[in-house]
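>
What follows is the structure, encoded as structure tokens:
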């Protein structure tokens, strides 16, 4: 049978049976070629994998041999340690035993005080926290589900646990300033240092535009438009003034503290209480020292002994109208109380004042260069003076008790 026929249009066409045979033969040849190529590639991959396995085995053997050799080197005992072995076998001497006991006791106390080692029963920790810690320690605690936030009770307990354990970790903050520590627990003048004055801001003066030339010996320099006070001069003048206050209190003198700015009342009260003196925290009444017949006529008067105790003796008419003035006047803000300083000069009352760079030091008998605007600075200075007055008062009372 012919494989091709001529159609009416003159074109050649294949029969269906011939097409099927041709397609089958082509398919078989292609499949055979594909199978042969895949088998060759598989053999190549197997050879490559085997070579890689052999290489990895060799590397693993080399690594194992290196580790074994390192362990052998570490296991060897150096020659220097043979002599130490005999020393460890020998018994300890008495001094070594004593040192060992003291060191053991110190480490034990240190671990207990700082909670470095806290022995707990681990059998209790095996129990679940939900059934043991919450119900046993806190029977009224209602635990919240995992998908919901903590309740207020749980947050409070977590905060308490943090404060008891993890909050104590970290750095220890020292030399923290408390506002009333300088008033109720001031340092003595012997323990006063420049760093303490610097921390209180005593070195900060006024603006350079408000500078008074008479304060030039107290100025260290300028910084950003303000004058810096020399704290060495401040420390020297403060110690001198403290000695004056101590001497007046030891001789039974009357000390008057004056401060009219806001916030100075508590420091004045404490200072007057320490020295058995008096204070003025409001406006200074003009004529308190120069016109006592009009100002102090309504004051109650009584006589006291050397121990500041009332004698009970009735005063004479001349004593009732006599002038009563302090033996020392301490002014915290001299710029606003120039009238008091002038009256003290007329009454011949010695004065102590905090002199800023805008104040006049010639108005004060014992000037103390420092910052009179800062409440912390003023509280520190007046508390140190009051502490010195307290020392003088205790000296006077001890002399009376010994007689």
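Residue numbers (my numbering): 750 to 1152.
For each residue, glycine too, the CB sits at the ideal point set by N, CA and C.
With residue 996 as the anchor, note down where its beta strand (DSSP E) starts and where it stops.
No beta strand (DSSP E) contains residue 996, which is instead part of the alpha helix (DSSP H) from 980-999.
> Let me know the secondary structure DSSP gives residue 1034 once reduced to three states.
DSSP places residue 1034 in coil when its eight states are reduced to three.
> Taking the alpha-carbon positions, what's the residue 852 to residue 859 distance?
One C-alpha to the other measures close to 10 Å.
> By how many angstroms is the C-alpha of residue 1052 removed from the C-alpha of residue 1143?
So the two alpha carbons sit approximately 20 Å from each other.
> Would the region 993-1008 and the region 1125-1143 be scored as touching if the rule is three or more Cβ pairs under 8 Å?
Flag = yes, the region 993-1008 and the region 1125-1143 touch.
> Provide the residue span of the beta strand (DSSP E) that contains residue 955, from first to last.
Counting along the chain, the beta strand (DSSP E) containing residue 955 begins and ends at 953-956.
> I want to know whether the region 952-965 touches the region 891-911 - three or more CB-CB distances under 8 Å.
The region 952-965, when compared against the region 891-911, does not touch it at the 8 Å Cβ threshold.
> Considering residue 1072, what are the terminal residues of the beta strand (DSSP E) in which it resides?
Here residue 1072 belongs to no beta strand (DSSP E), and DSSP marks it neither H nor E.
> Could you tell me the distance, in whole angstroms, from the CA atom of residue 933 to the CA atom of residue 893?
If I take the Cα positions, the gap works out to 48 Å.
> With C-beta atoms as the reference, is residue 998 less than 8 Å away from residue 1138?
Yes, the pair counts as a contact, with Cβ atoms nearer than the cut-off.
> Can you tell me which residues form a DSSP beta bridge with residue 1100?
For residue 1100, which the question treats as bridged, DSSP gives the partners 1078.
> Starting from residue 1166, trace the alpha helix (DSSP H) both ways and give me its first and last residue.
With the chain represented from 750 up to 1152, any question about residue 1166 goes unanswered, as that position is not in the structure.
> According to DSSP, which residues form a beta bridge with residue 1007?
Answer by DSSP bridge pairing, in chain order: 1029 and 1080.
> Check this for me: beta carbons of residue 1083 and residue 1112, under 8 Å apart or not?
Contact: yes.
> Is there contact between the region 1112-1128 and the region 1088-1101, where contact requires at least three CB pairs shorter than 8 Å?
Verdict: yes, contact present.
> When DSSP builds the beta bridges, which residues end up paired with residue 1115?
For residue 1115, which the question treats as bridged, DSSP gives the partners 1101.
> If we call anything under 8 Å between Cβ atoms a contact, is residue 991 one with residue 1033?
No, the Cβ-Cβ distance between residue 991 and residue 1033 is not below 8 Å.
> Alpha carbons only, please: which of 1127, 1080 and 1095 is nearest the one belonging to residue 1110?
When only C-alpha atoms are compared, the closest one is 1080.
> For residue 815, does the count of other Cβ atoms within 10 angstroms reach 16, so buried, or fall short, so exposed?
Classification of residue 815: exposed, given that the 10 Å Cβ count is below 16.
> Give the DSSP-derived three-state secondary structure of residue 1059 in the structure shown.
Strand at residue 1059.
> Give the secondary structure of residue 1051 by DSSP, where H, G and I count as helix, E and B as strand, and everything else as coil.
Reduced to three states, the DSSP call for residue 1051 is coil.
> Between which two residues does the alpha helix (DSSP H) holding residue 971 run?
No alpha helix (DSSP H) holds residue 971; the beta strand (DSSP E) holding it covers 968-972.
> Any idea what DSSP makes of residue 976, helix, strand or coil?
Correct three-state label for residue 976: strand.
> So residue 994 and residue 1141 are supposed to be a Cβ contact under 8 Å. How far apart are they, rounded?
About 7 Å; that satisfies the 8 Å criterion.
> Would you tell me roughly how many angstroms separate the C-alpha atoms of residue 825 and residue 817, rounded to the nearest one?
Going by the C-alpha atoms only, they are around 13 Å apart.
> Can residue 951 and residue 978 be called in contact, C-beta distance under 8 Å?
In this structure, residue 978 lies closer than 8 Å to residue 951 by Cβ.
> Within the same chain, show all residues whose beta-carbon is closer than 6 Å to that of residue 970, passing over the 5 residues directly before and after it, in chain order.
These residues qualify, in order along the chain: 977.
> Would you check if the distance between the CB atom of residue 1050 and the CB atom of residue 1029 is smaller than 8 Å?
No, the Cβ-Cβ distance between residue 1050 and residue 1029 is not below 8 Å.
> Can you tell me whether residue 1136 is buried or exposed, with buried defined as 16 or more other CB within 10 angstroms of its CB?
Buried, since its Cβ has 16 or more Cβ neighbours within 10 Å.
> Return the residue from the list 812, 928 and 966 that minimises the CA-CA distance to residue 980.
Nearest of 812, 928 and 966 to residue 980, Cα basis: 966.
> Rounded to the nearest angstrom, what separates residue 845 and residue 899 at their Cα positions?
Residue 845 and residue 899: Cα-Cα distance of roughly 56 Å.
> Got a sec, what are the start and stop residues for the alpha helix (DSSP H) residue 848 sits in?
Run containing residue 848: 843-862, per the alpha helix (DSSP H) assignment.
> In chain order, what residues of the same chain lie with their CB nearer than 6 Å to the CB of residue 1108, ignoring the 5 residues before and after it?
Contacts found: 1083 and 1084.
> Can you list, in chain order, the residues of its chain whose CB lies under 7 Å from that of residue 1002, leaving out five sequence neighbours each side?
Closer than 7 Å at the Cβ level, and outside the excluded window around residue 1002, lie 1076 and 1077.
> Measuring CB to CB, does residue 1027 end up less than 8 Å from residue 1149?
In this structure, residue 1149 does not lie closer than 8 Å to residue 1027 by Cβ.
> Under 8 Å between the Cβ atoms of residue 961 and residue 1106?
Yes, they are a contact pair.
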